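There are 4 protein chains.
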Amino acid sequence: MSLNTFGHLFRVTTWGESHGPALGATVDGCPPGVAVDEAMLQHWLDLRKPGQNKYTTQRREADQVKILSGVYEGRTTGTPIQLMIENTDQRSKDYSEIAQKFRPGHADITYWQKYGIRDPRGGGRSSARETAARVAAGGVARAALDLLAPEVKITGYMVQMGRLKADRDRFDMGQIGQNPFWSPDASAAAIWAAHLDELRKSGNSVGAVVEVVASGVPAGLGAPIYGKLDTDLAAAMMSINAVKGVEIGEGMAAADLTGIENADEIFLGNDGRPRFSSNHAGGILGGISTGQDVVVRFAVKPTSSILTPRKTITIAGEETEIVTKGRHDPCVGIRAVPVGEAMMACVILDHLLLHRGQVGDAGGRIG
Amino acid sequence: MSLNTFGHLFRVTTWGESHGPALGATVDGCPPGVAVDEAMLQHWLDLRKPGQNKYTTQRREADQVKILSGVYEGRTTGTPIQLMIENTDQRSKDYSEIAQKFRPGHADITYWQKYGIRDPRGGGRSSARETAARVAAGGVARAALDLLAPEVKITGYMVQMGRLKADRDRFDMGQIGQNPFWSPDASAAAIWAAHLDELRKSGNSVGAVVEVVASGVPAGLGAPIYGKLDTDLAAAMMSINAVKGVEIGEGMAAADLTGIENADEIFLGNDGRPRFSSNHAGGILGGISTGQDVVVRFAVKPTSSILTPRKTITIAGEETEIVTKGRHDPCVGIRAVPVGEAMMACVILDHLLLHRGQVGDAGGRIG
Amino acid sequence: MSLNTFGHLFRVTTWGESHGPALGATVDGCPPGVAVDEAMLQHWLDLRKPGQNKYTTQRREADQVKILSGVYEGRTTGTPIQLMIENTDQRSKDYSEIAQKFRPGHADITYWQKYGIRDPRGGGRSSARETAARVAAGGVARAALDLLAPEVKITGYMVQMGRLKADRDRFDMGQIGQNPFWSPDASAAAIWAAHLDELRKSGNSVGAVVEVVASGVPAGLGAPIYGKLDTDLAAAMMSINAVKGVEIGEGMAAADLTGIENADEIFLGNDGRPRFSSNHAGGILGGISTGQDVVVRFAVKPTSSILTPRKTITIAGEETEIVTKGRHDPCVGIRAVPVGEAMMACVILDHLLLHRGQVGDAGGRIG
Amino acid sequence: MSLNTFGHLFRVTTWGESHGPALGATVDGCPPGVAVDEAMLQHWLDLRKPGQNKYTTQRREADQVKILSGVYEGRTTGTPIQLMIENTDQRSKDYSEIAQKFRPGHADITYWQKYGIRDPRGGGRSSARETAARVAAGGVARAALDLLAPEVKITGYMVQMGRLKADRDRFDMGQIGQNPFWSPDASAAAIWAAHLDELRKSGNSVGAVVEVVASGVPAGLGAPIYGKLDTDLAAAMMSINAVKGVEIGEGMAAADLTGIENADEIFLGNDGRPRFSSNHAGGILGGISTGQDVVVRFAVKPTSSILTPRKTITIAGEETEIVTKGRHDPCVGIRAVPVGEAMMACVILDHLLLHRGQVGDAGGRIG
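Protein chains in written order, with the working numbering: chain A, 1 to 367; chain B, 368 to 734; chain C, 735 to 1101; chain D, 1102 to 1468.
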């Protein structure tokens, strides 16, 4: 992982600013022969697309992806795949205030301190628009997984908005696509809707927790010690805008447990493979997948751009106040769901390729 | 980050198994002219060393570090620094049971599934002994920081054992070295001691939460988008054995907050630098340091090796039980404190070098 | 260096196929504040552009570069710079023969053997068109050097076509732009012109040797042992299509010399810096620049696509013959000159950044 | 490739100075299950060992390699392999002159200019002793190739000393081990012996050309565009001390040829695989192996440390003379032969793993 690239063998470099002519992802290392086309990638982008309901930014972006290279007659060739998304709705609004003042909680001040120059239009490179490129790249990763490990299924959903948690006893994965919050708990979705309406009207925003599960992941993926599967997942999720915490399996709550409680006891399944009594580990032991569901959660902080005035300073060093107008998500966690899925797909594929390269079929059998 | 190496310019590769002849760290990219000697590194290793009190494993390791290269007449030369720690207390115990059975919660089963071969002695490569090499490398990183950014101070401590949390109102950093738990809350330390005694006697273990703070970190460190400071910290901490969750600043609790609550408002400090009303961000915005304290927390799961029998299977595929004898930490989180500090030192130094290389002194001023 | 990316801190990833919609370069790690615009990059691209005289392919490509990201108001922001060149002259010719037969000396057969799929149109990814992206990226590197090390000057030229060598006694660098061969020896250029005319008419092609010199390179650049300046230059030049040999300073002829002959004796220059009696070393000792001219040469094999029938086989495994029609350079070495310059610029800049990051101003003084 | 590490998946980091306590290689990414032991590695080290005849340095080093990690019960485990060679013959000679004066042609001056500190004892990190670590790592690579691609055979030999070339018509590979020069041409070896005796007595040294051939390399290895097989070979060979030029196949002489001459025509072999009429390409087209012999040559400059006085300057900036006493190879190219073989083994293995990871068995068949 370095700079604007992530991945070891399946390497994704994203580029582009919120209000530049285009943004995209350079995907290098995709295996050859994978069926990929623009419609397939568009499917995933449409899920993330803003402006689809009142709970996400009203910016209207077509988010139409173009494949510029690496695919020939509908199949990947093993060469770099360039995915480009043109920006169409860059309103010619006045950025002079944002160019001079730093929005609290936003990267304005740190980009300035680091680089001495920044593109203030819509957050520039630090805008959540960058995640569109991740979703496009994730679409390629999913397509490759469909070919190489079709049993892998990746599902993301929201489990908490503000202090309001969904109830796992009510989880019905069929509900995820039925509400604007990707909630498997329909009741929670209804409550969140009311809560978010209120926050939005009062010029406020709120945080969220997203969970992403990958099932069907083969045992043995992960490259200890510093390319562990959980290490790379932690990095991948923490790299998403506004994420402040990442958990694998029990996550922070693992601290609460005793060794007796935490042990996922092992039995022999009917399929001759290990069967675990529980999954506190989140499908990863010693940085390597166990064959159970890989479970990752991450917390997304509340959107920093709010309509309520906050104290700040100017580049000139004067104290002042700022109110962030414009079209912002009141709960940026919502649109982080497809992004988390995309990152999961990229990491799983990357480790599948790494394992194939480093280990081949030398892995151990049980029984 | 890849395989057994972490870091971009300050690159640490650890090597070695728990019961092999030696383990260590190959440190590449340390700037020249840094004052480093074995005594200095030994200081940090001694803090982590096992067997110092009844709350850590009774394995007696001298953990004596030798510098084999890269240092000439007490100063680094810019060439790779090889740090070697010989294993002295490899008891010739019988590993035949562990070689056949997989300990629940342990990497035994995944190393087997991945590689088809594993060194069962003391956990082999997945043993927490690997972290001694990290602490040695972290000592080099600290020495380099002393030269290049002497204002940086790194402090780690335990904030939670099991469900028992330390009380921030009672924090006194002077207390950290005064109790076996690196606790800044002396009262909590006393309670933890009693709790851990009980758990240990009953053949159980417990999890913990460790917090590491770096103060004096210059604003501007971090390489967005995928080499963000928080991304690399998340990866660094998650790579430590038994860690299941990583938080920056508010961490998972960021989800609970509204945008109004979460905004760290900005004022102008007396020193002419930005002063923030709070530090929900943990010192990092958009992946770049703000100049505030960089605050990381991570959860360490309870030690998997416990004296209570647990159900498991053998390599041959038979269901059985296992009791893990041997000398194990009842709360492995305790010894993770110096490890977390070491990782923090490595990441901060690495980003200092990266920033110097990529940006030089082009960063922006305020006022 | 890996896959489609080269460079450590200044990282260039090229993408695109000869007859796809576009090709380009994703440039990551360029320092902020560098003055860059499309016209500046176009200048370098125009020098490499095909179809400018009868000695290069008659394909007519505008080779118009667009900057899609990373530049704001004419200056780089430190974020990835996406450079796109649309392909305009993809003649809808019939590729069915090339799709079935492998051209001897061409990558057709190896791409097929490796990937099991290939884009046969114009050589796909293995086409020399890929080098347009390098030239564009090299333009960014030059702009950054202009800011950070303005004394660096990079000059490439041809020193040999076929067996006909230019005469160093006649070198006049002012001649380089005055003939289609980038020759500093005007007489040689005239001879080459006649020779190439003849070869072209007879359906043949010819090899060449290109030399690239960087003057003004500060002493101290290069990261031993495996990121040496000469190591990276060798990799950079060998990565160019059709290159089969790379030399630094004396190059292969260094084998001919004795130690007495080869020693570049050292004196003290009037400027207080070391002055060398000669430059057999090509400006690099132990992988680190000496402050002398950095001198690299590389041999480009004759174009494989020729009008003379050659024996080959088909994908189906049948023996046959092939004549490569189409618009090909009779001496692809000519257009390799600006490409070699671009690679030199990228490597020098990369090592400047690396040195700044790893060493800062800790280097040694003399006197 | 970066700093002191080379390789993508099979990654070798060498460390250590000529006169430090030890030097070695950290080998990461070796597949599991490979039979490796110290005796096997020692075999290769003994071939490179100094002091075996009067044509190599009289320094007496046991060059005894120890495996400190990554091997369990004679097989690799997939974890990092630490190879250590202790320095035993560090004569306590006086280095004060070398510490003050820069030897022409040596890295003394550039290490000083770069780092501001250097270990003057025996050349420190820039000593050819570093190559012992490469040979040890190459031994591991060979062992892995024996398991994964047993048909690969790697053979290195000298083809030129000074201006005296071996005659390919007299090549008999059985002769290579029969003379101190690794020459397949026994007559040339006799002539070289006389020539070198004379040079040595007159306090002089001489350059050489080494050729390394890998046969049995499967078609399809190489990762275009910047991880091409030839790119990585060029970097690997250029990284060896004193190497000034690298050639693949025809090498620099490719410039002399016409396209008709250079075309390796393709036929169908009796084994159903492509058969080429010639191998101008050196077994690599478009950066990917063709299945033919992979042929690399490199030129080694004459040893810079000679007994004849040369002009130089001191650190203090005064002009002076230097005579390099001590035990030096009069033709360092001789001992570069096993080093070149080791680098070839590492690169071939690395690309075998890369190909397996990125492409698997998706490659194309012919016929």
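All C-beta atoms in this analysis are idealised placements derived from N, C-alpha and C, irrespective of residue type, glycine included. Values in this document were obtained by computation on a predicted structure and should not be read as measured data.
Leaving aside the five residues that flank D:Leu1369 on each side, none in its chain has a CB nearer than 6 Å to its CB. If you keep only unbroken beta strand (DSSP E) runs of at least 3 residues inside the stretch 874-917 of chain C, you get 887-895. Bounds of the beta strand (DSSP E) holding D:Met1185 are 1182-1187. In the three-state DSSP reduction, A:Ser96 falls in the helix class (H, G or I). The beta carbon of B:Ala466 is closer than 6 Å to those of Pro487 in its chain, skipping five residues each way along the sequence. Within the same chain, Cβ atoms closer than 7 Å to the Cβ of D:Gln1261 are found at Ala1267, Ala1309, Val1310, the five residues on either side in sequence being excluded.
Across the set C:Glu945, C:Glu1055, C:Gly750, C:Ser1023, the C-alpha of C:Ser1023 shows the shortest separation from the C-alpha of C:Leu1083. Contact between the stretch 380-399 of chain B and the stretch 673-687 of chain B is not established, with fewer than three Cβ pairs separated by less than 8 Å. Every alpha helix (DSSP H) stretch that sits fully inside the stretch 570-622 of chain B and reaches 4 residues is listed by chain position as 596-605. Residue pairing for D:Arg1376: DSSP places it in a beta bridge opposite D:Phe1368. Chain D has a Cβ within less than 8 Å of the Cβ of A:Gln358. For D:Asp1298, the uninterrupted alpha helix (DSSP H) run begins and ends at 1287-1302, by DSSP. Going by beta carbons, C:Ile819 and C:Gln847 fall outside the 8 Å limit. Three or more beta-carbon pairs separated by less than 8 Å are not found between the stretch 1324-1337 of chain D and the stretch 1174-1190 of chain D, which leaves the two stretches without contact.
Only Ile434, Leu435, Ser436, Gly437, Val438, Tyr439, Glu440, Arg442, Thr443, Thr444, Gly445, Thr446 from the stretch 434-446 of chain B bring a Cβ to less than 9 Å from some Cβ of chain D. With a beta-carbon spacing of about 5 Å, C:Val1030 and C:Leu967 fall inside the 8 Å limit used to define contacts. Beyond the five residues adjoining it in sequence on each side, A:Val27 comes within less than 6 Å, by CB distance, of Val12, Ile81, Ala137, Val140 in the same chain, given in chain order. B:Thr380 has a beta carbon lying within less than 8 Å of a beta carbon in chain D. Under a 10 Å Cβ-count criterion, B:Arg702 is classified as buried, with 16 or more other Cβ atoms of the shown protein chains found around its own Cβ. Any Cβ of chain C closer than 8 Å to the Cβ of A:Ile117 would place that residue at the interface, and such an atom is present.
Cβ neighbours of C:Val1028 within its own chain (closer than 6 Å, five residues either side excluded): Ala948, Val951, Gly1017. Judged by DSSP secondary structure, A:Asp28 falls within the beta strand (DSSP E) whose first and last residues are 22-28.
By the Cβ neighbour-count rule, A:Arg60 is exposed, with fewer than 16 other Cβ atoms within 10 Å of its own.
Taking a Cβ-Cβ threshold of 9 Å, none of the residues of chain D is close to B:Thr477; the smallest such distance is about 12 Å. Per the coordinates, the alpha-carbon of A:Asn262 lies some 6 Å from the alpha-carbon of A:His280. Within chain B, the C-beta atoms nearer than 9 Å to that of D:Leu1104 come from Leu376, Arg378, Asp395, Gly396, Pro447, in chain order. Distances from the alpha-carbon of D:Asp1331 to those of C:Val980, C:Gly961, C:Lys962 put C:Val980 closest.
Going by C-alpha positions, D:Arg1376 is about 14 Å away from C:Arg1044. Of the candidates A:Ala362, A:Gly357, A:Gly363, A:Val337, the residue whose Cα lies closest to the Cα of D:His1109 is A:Gly357. Under DSSP, the beta-bridge partners assigned to B:Trp382 are B:Gly391. Non-local C-beta neighbours of C:Met907 in its own chain, meaning closer than 6 Å and more than five positions away in sequence, comprise Pro918, ordered along the chain.
At a cut-off of 8 Å, the C-beta of B:Glu708 has no neighbouring C-beta in chain D. A check of alpha carbon separations from C:Val869 across C:Ala769, C:Leu779, C:Cys1065 identifies C:Leu779 as the nearest. When Cβ-Cβ separations below 8 Å define contact, D:His1207 makes contact with chain C. When the Cα atoms are used, A:Asn53 and C:Glu807 turn out to be separated by approximately 34 Å. A straight line joining the alpha-carbon of B:Val704 with that of B:Met407 spans about 18 Å.
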